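> Encoded as structure tokens, here's the structure I'll be asking about.
Number of protein chains: 2
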Amino acid sequence: MDDLKAAATAATRRGFLKTGLLGGAALAGSLASGRAMAEGDPVITEIQDWNRYPGDGVDARPYGQPSQFESHVVRKNVPWLTSDTISSINFTPLHELEGIITPNGLCFEGHHAGIAEIDRANHRLMINGLVDKPLVFTMADLKRFPGRENRVYFLECAANTGMEWRGSQLNGCQYTHGMIHCVMYTGVRLKHILEEAGVKAAGSWVLAEGADASAMTRSIPMEKALDDCMVAFAMNGEALRPEQGYPIRLVVPGWEGNMWVKWLRRLEVGDQPWQQREETSKYTDLLANGKARRFTWKMDVKSVITSPQVPIVHGKGRTLVSGLAWSGSGTIKRVDVSIDGGRNWHAARIDGPSLPMALHRFYYEFDWDGSEIFLQSRAIDESGFVQPTKDQLRAVRGENSIYHNNGIQTWHVNKDGGVENVEIS
Amino acid sequence: MDDLKAAATAATRRGFLKTGLLGGAALAGSLASGRAMAEGDPVITEIQDWNRYPGDGVDARPYGQPSQFESHVVRKNVPWLTSDTISSINFTPLHELEGIITPNGLCFEGHHAGIAEIDRANHRLMINGLVDKPLVFTMADLKRFPGRENRVYFLECAANTGMEWRGSQLNGCQYTHGMIHCVMYTGVRLKHILEEAGVKAAGSWVLAEGADASAMTRSIPMEKALDDCMVAFAMNGEALRPEQGYPIRLVVPGWEGNMWVKWLRRLEVGDQPWQQREETSKYTDLLANGKARRFTWKMDVKSVITSPQVPIVHGKGRTLVSGLAWSGSGTIKRVDVSIDGGRNWHAARIDGPSLPMALHRFYYEFDWDGSEIFLQSRAIDESGFVQPTKDQLRAVRGENSIYHNNGIQTWHVNKDGGVENVEIS
């Protein structure tokens, strides 16, 4: 990673804007206030039906659902990305979300053989291989196991932003950055389960295997397995959703989502990695010289502006920029925002809990004068890693990969307030 | 509150157990481990359908739902509590939940005229009264307003545990303690909105009014309004649910839920409280002497064991006790658990983020020897308030109220593992 860190922190400034920008013009505009009391606004002056008649009672919705007026806020896939939807992605609508918690119904999903529908009564977790005592856990066993814990972590697919290696191909952060979500997981620290089985001296790797039809399998180094990994059975307080691995999934904080094996049915302890399909032909990063980086597990420091993402309809004046930042190395220390494509950077305000390997929410407020702008954000994590530009990334890694693209994203806002994914260089 | 604090911290020890208990007998039992590899367990030895055939693709569920095997995890009401469901409560299934975040679909709901279904395009927030500049906000105005923030808070109805004043009447923590939830809110700090309107010197109270058919109205002292109140439009990342006040609600951290006005449409600044129905005939605490405590806004320190709540089916051995603690005064400093009805207390382990005026999750692990036990939890907050016993509460407040019961809850676990709400005195 040191090469990337050096590339990202290098103070090289290049003339790289495709189009003319604001320059140093002073930004003017009015504060976004409420309006003066509107005479004749019927919503104010007339009694509305919802104020006149009682609404549905509590028996109507044992399990609550979003408002009918939010039906546009859903996960979406990109049909041409893959050959079928059982091995595809449903992207998180980041542009519609707030804070750092993703609601369970909107967490992106990616499968390799569709969603396994498993009754928790018929699920087992086996621990075998280089252990003193092979074990099988039922869900009831896991629920009585000591050492239960609750942690908020982001989960990012290694392929998130993967279409951006060769230039802007998708529009809107739902598609460019929507392979990420962040929830509170509850489960048992993997360390306790491995200790219960007794890892033999030679045990240095753990194979995690899923119960779905793709039998997803990944090798995880013992050091990580004994550090912060969890066997999770709940997300945001309730049972895991089927598409997130119900009844249990592996949680591998800060590392690529493919390793967070869903429908987890087996953990095998061994003395070397298994070289599974999902860590050789896939989830390796092909470089320009034909060699591939392997075992690039950790997700690098990254950020994206999630609002504005739809046309700015309020016109000139005070505008709130909002976005997300995260790092597999810990917390986010700082986020900068630029409205002139990276010429000038302004410190953003990070708000909400700052938790390691969790999303961080940032804001930047400015007066939009109605000129076109080029919005960028740049995150710096607690380890000192700085989010690189896409060109800095390409200089080191070429353009062959679809994984681990954490480059700085640019959104062009035109004079009408329209927003588009662009690259400037 | 000082009287209560004194009552709660008084070291009065009384012989108060109705039935014989464990005494000092040493607890024995085996660790809850996995089982030895089960020969002949078909779920292990045979390939299951979900491992053989691909499941549903990502196009099946644009907005995700819980597993079909979790259909019992729903909000429930108690038909006899109120005359109709439009002015009733749907309780949170606390016994099925984990961590400190309540998923939006399971947050308890309580209404006074059912659920107002409002299109956000037709909603306004008016600020009037003793202000320099009366204002009306559209949702778009609020979304561009500076000072957006994200905070995790519990919301507890003042009537939560209200049926316990006169003894155990409901069974299961969904009904005894399920008028509480805890989510991450996103919105604008109320202070910024009031500053925008300009509060006149005489302005010392704020009236919050809802747009539903009950026109819910509460008086809030200016000191609180300018402190940590929010006008929230999102919960756990997505838009508020209709039953939680979509498109906006007031957030009044640590204070009784009735003040968190849903479908918020108006904030009026005045120089005295309005003495509305919901703060005079209701939401006041009738004492034994016929006087009523008024404006008892803050929710006192409280806790409840949420698991076990259904029969312990695993038999003797290592048992995990799990529960929730909270306080309107800030964070929880300590939780103690007793298995002998309050004779002996053991420090519980608090796990997960410790955030002010948010739920805290605690655990206590012990070897169950199969004897009957009386489970209790007792929380202590950062201000030093100690959760009182129910009898200590009654000694100060009588039994007339249905509000602000934060007494210690007892669960009786019988020899078969069955769990029941009891009182011991």
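The listed protein sequences derive, respectively, from chains L and Z. Under UniProt numbering, the residue at position 410 of the first sequence is numbered 410, and the numbers go up by one with no gaps. Under UniProt numbering, the residue at position 190 of the second sequence is numbered 190, and the numbers go up by one with no gaps. No residue lacks a Cβ here, since even glycine has one placed at the ideal position from N, Cα and C. Predicted, not measured: the structure shown is a model, and the values here were computed from it.
Give the DSSP-derived three-state secondary structure of Lys191(L) in the structure shown.
Position 191 of the first sequence, counted from the first residue, corresponds to residue 191(L). Of the three classes helix, strand and coil, the one that applies to Lys191(L) here is helix, per DSSP.
> Against chain Z, which members of the stretch 74-88 of chain L pass a CB distance test of less than 9 Å?
Val74, Arg75, Lys76, Asn77, Pro79, Asp84, Thr85, Ile86, Ser87 and Ser88
> How far does the alpha helix (DSSP H) with Glu223(L) in it reach, from first residue to last?
Your numbering for residue 223(L) matches position 223 in the first sequence. It spans Met222 to Ala225 - the alpha helix (DSSP H) in which Glu223(L) sits, taken as one unbroken run.
> What does DSSP give as the partner residue(s) for His360(Z) in the beta ladder?
Translated into positions along the second sequence, residue 360(Z) becomes position 360. Its beta-bridge partners are Ala325(Z).
> Please confirm if the stretch 279-292 of chain Z is in contact with the stretch 242-253 of chain Z, defined as three or more CB-CB distances below 8 Å between the two stretches.
Segments in contact, no.
> Output yes if chain Z places a C-beta closer than 9 Å to the C-beta of Ile101(L); else output no.
Working through the first sequence from its first residue, we reach residue 101(L) at position 101. Answer yes: the Cβ-Cβ gap between Ile101(L) and chain Z drops below 9 Å somewhere.
> As a quick exercise: from Glu268(Z), Arg334(Z), Gly110(Z) and Trp345(Z), pick the residue whose alpha carbon is nearest that of Glu156(Z).
Residue mapping note: residue 156(Z) aligns to position 156 of the second sequence, counting from 1. The shortest Cα separation from Glu156(Z) among Glu268(Z), Arg334(Z), Gly110(Z) and Trp345(Z) belongs to Gly110(Z).
> What residue range does the alpha helix (DSSP H) around Lys394(Z) cover?
Looking up residue 394(Z) in the second sequence gives position 394. The sequence shown places Arg at residue 394(Z), rather than the Lys named in the question. Where Arg394(Z) is concerned, the enclosing alpha helix (DSSP H) stretches over Lys390 to Arg397.
> Go through its chain and collect everything with a Cβ distance to Glu164(L)'s Cβ below 7 Å, but skip five positions before and after it.
Start at 1 with the first residue of the first sequence, and residue 164(L) comes out as number 164. Cβ neighbours of Glu164(L) beyond the five flanking positions: Thr176, Lys390, Asn405 and Gly407.
> Suppose the cutoff is 6 Å on Cβ atoms and the five residues either side in sequence are ignored; what does the same chain contact list for Thr186(Z) look like?
The residue labelled residue 186(Z) in the question sits at position 186 within the second sequence. The residues are Asn150 and Ala234.
> If I measure Cβ to Cβ from Arg120(L) and keep anything under 6 Å in the same chain, skipping five residues before and after, which residues do I get?
For this step, residue 120(L) is matched to residue 120 along the first sequence. Hits under 6 Å: Met139 and Pro247.
> Once you ignore the five residues that flank Ile118(L) on each side, which residues in its own chain have a CB closer than 7 Å to its CB?
On the first sequence, position 118 is the one that residue 118(L) refers to. Taken in chain order, the residues that qualify are Ala211, Tyr246, Pro247 and Trp263.
> Could you give the residue range of the alpha helix (DSSP H) that holds Lys298(Z)?
As a first step, residue 298(Z) must be located in the second sequence, where it is residue number 298. It is not in any alpha helix (DSSP H) - Lys298(Z) carries neither H nor E in the DSSP assignment.
> Under 9 Å, Cβ to Cβ, is there at least one residue of chain Z near Met126(L)?
Looking up residue 126(L) in the first sequence gives position 126. It does; some Cβ of chain Z falls within 9 Å.
> Using a Cβ-Cβ cutoff of less than 6 Å, which residues in the same chain neighbour Asp132(Z) once the five nearest sequence positions on both sides are dropped?
By one-based count along the second sequence, residue 132(Z) stands at place 132. Answer for Asp132(Z): Gly198, listed in chain order.
> My output table needs one value for Arg318(Z): the three-state DSSP class, helix, strand or coil.
Taking the first residue of the second sequence as 1, we reach residue 318(Z) at position 318. Note: Arg318(Z) maps to strand in three-state DSSP.
> From Ile193(L) to Val78(L), what distance separates their C-alpha atoms?
Indexing the first sequence from 1 puts residue 193(L) at position 193. Indexing the first sequence from 1 puts residue 78(L) at position 78. Their Cα atoms are separated by approximately 39 Å.
> How far does the beta strand (DSSP E) with Ala158(L) in it extend, from its first residue to its last?
For the purposes of this step, residue 158(L) is taken as residue 158 along the first sequence, with counting starting at 1. First-last for Ala158(L): undefined, no H or E at that position.
> Which chain Z residues sit within Cβ distance under 8 Å of Leu155(L)?
To locate residue 155(L), count along the first sequence from 1; it is residue 155. The premise fails here: Leu155(L) is roughly 14 Å from chain Z at the closest Cβ pair, so nothing lies under 8 Å.
> Is the beta carbon of Phe362(Z) sitting closer than 9 Å to the one on Leu324(Z)?
Within the second sequence, numbered from 1, the residue matching residue 362(Z) stands at position 362. Within the second sequence, numbered from 1, the residue matching residue 324(Z) stands at position 324. Cβ atoms of Phe362(Z) and Leu324(Z): closer than 9 Å.
> Between the alpha carbons of His160(Z) and Pro134(Z), how many angstroms are there, rounded?
To locate residue 160(Z), count along the second sequence from 1; it is residue 160. To locate residue 134(Z), count along the second sequence from 1; it is residue 134. In the sequence on display, residue 160(Z) carries Asn and not His. Rounded to whole angstroms, Asn160(Z) to Pro134(Z) spans 37 Å at the Cα level.
> Could you please tell me which residues of the stretch 44-59 of chain L, in chain order, have their CB closer than 8 Å to any CB of chain Z?
Ile44, Gln48, Trp50, Asn51, Arg52, Tyr53, Pro54, Gly55, Asp56, Gly57, Val58 and Asp59
> Under 7 Å Cβ to Cβ from Ala6(L), same chain only, skipping five residues before and after it: list those, please.
By one-based count along the first sequence, residue 6(L) stands at place 6. The pLDDT assigned to Ala6(L) is 36, lower than 50, so where the model puts this residue is not dependable, and the model offers no usable value.
> For Lys333(L), which option in His360(L), Ser322(L) and Glu223(L) has the closest C-alpha, if you only look at C-alpha atoms?
As a working mapping, residue 333(L) is identified with position 333 in the first sequence. The candidate whose alpha carbon is nearest that of Lys333(L) is His360(L).
> How would you write the range of the alpha helix (DSSP H) that Thr45(L) sits in, first residue to last?
Taking the first residue of the first sequence as 1, we reach residue 45(L) at position 45. From DSSP, the alpha helix (DSSP H) with Thr45(L) extends over Pro42 to Thr45.
> Alpha carbon to alpha carbon, how far is His95(L) from Gly418(L)?
As a position in the first sequence, residue 95(L) is number 95, starting the count at 1. As a position in the first sequence, residue 418(L) is number 418, starting the count at 1. Looking at the two C-alpha atoms, the distance is approximately 14 Å.
> Measuring only between beta-carbons, confirm whether Ser377(L) sits less than 9 Å from chain Z.
Looking up residue 377(L) in the first sequence gives position 377. No, because no Cβ of chain Z sits closer than 9 Å to the Cβ of Ser377(L).
> Please tell me whether Val335(Z) and Ser377(Z) are closer than 9 Å, where the distance is taken between their beta carbons.
Along the second sequence, one-based indexing puts residue 335(Z) at 335. Along the second sequence, one-based indexing puts residue 377(Z) at 377. Yes, they are a contact pair.
> If you draw a straight line from the C-alpha of Arg218(Z) to the C-alpha of Gly114(Z), how long is it?
Numbered from its first residue, the second sequence carries residue 218(Z) at position 218. Numbered from its first residue, the second sequence carries residue 114(Z) at position 114. The straight-line gap from Cα to Cα measures roughly 18 Å.
> What does Pro242(L) reach in chain Z if we use C-beta pairs closer than 7 Å?
Locating residue 242(L) in the first sequence gives position 242, where the first residue counts as 1. Ordered by position in chain Z, the residues that pass the 7 Å Cβ test against Pro242(L) are Ser67.
> Using DSSP bridges, identify the partner residues of Lys76(L).
Numbered from its first residue, the first sequence carries residue 76(L) at position 76. Paired residues: Phe91(L).
> How many Å lie between Val74(L) and Gly237(L) at the Cα?
Counted from its first residue, the first sequence places residue 74(L) at position 74. Counted from its first residue, the first sequence places residue 237(L) at position 237. In a straight line, the C-alpha of Val74(L) is about 21 Å away from that of Gly237(L).
> If you measure beta-carbon to beta-carbon, which residues of the stretch 113-141 of chain Z are closer than 9 Å to chain L?
Ala113, Gly114, Ile115, Ala116, Glu117, Ile118, Asp119, Arg120, Ala121, Asn122, His123, Arg124, Leu125, Met126, Ile127, Asn128, Lys133, Pro134, Leu135, Val136, Phe137, Thr138, Ala140 and Asp141
> Please name the residue in Gln409(Z), Asp381(Z) and Lys316(Z) whose C-alpha comes closest to that of Gly370(Z).
Here residue 370(Z) refers to the residue found at position 370 when the second sequence is read from its first residue. For Gly370(Z), the nearest C-alpha among the options comes from Lys316(Z).
> Would you mind reading off the limits of the alpha helix (DSSP H) that contains His177(L)?
Here residue 177(L) corresponds to residue number 177 of the first sequence, with the count starting at 1. Segment Cys173 to His177, the alpha helix (DSSP H) holding His177(L).
> When DSSP labels each residue in this structure, what does Met139(Z) get in the three-state scheme?
Mapped onto the second sequence, residue 139(Z) falls at position 139. Of the three classes helix, strand and coil, the one that applies to Met139(Z) here is helix, per DSSP.
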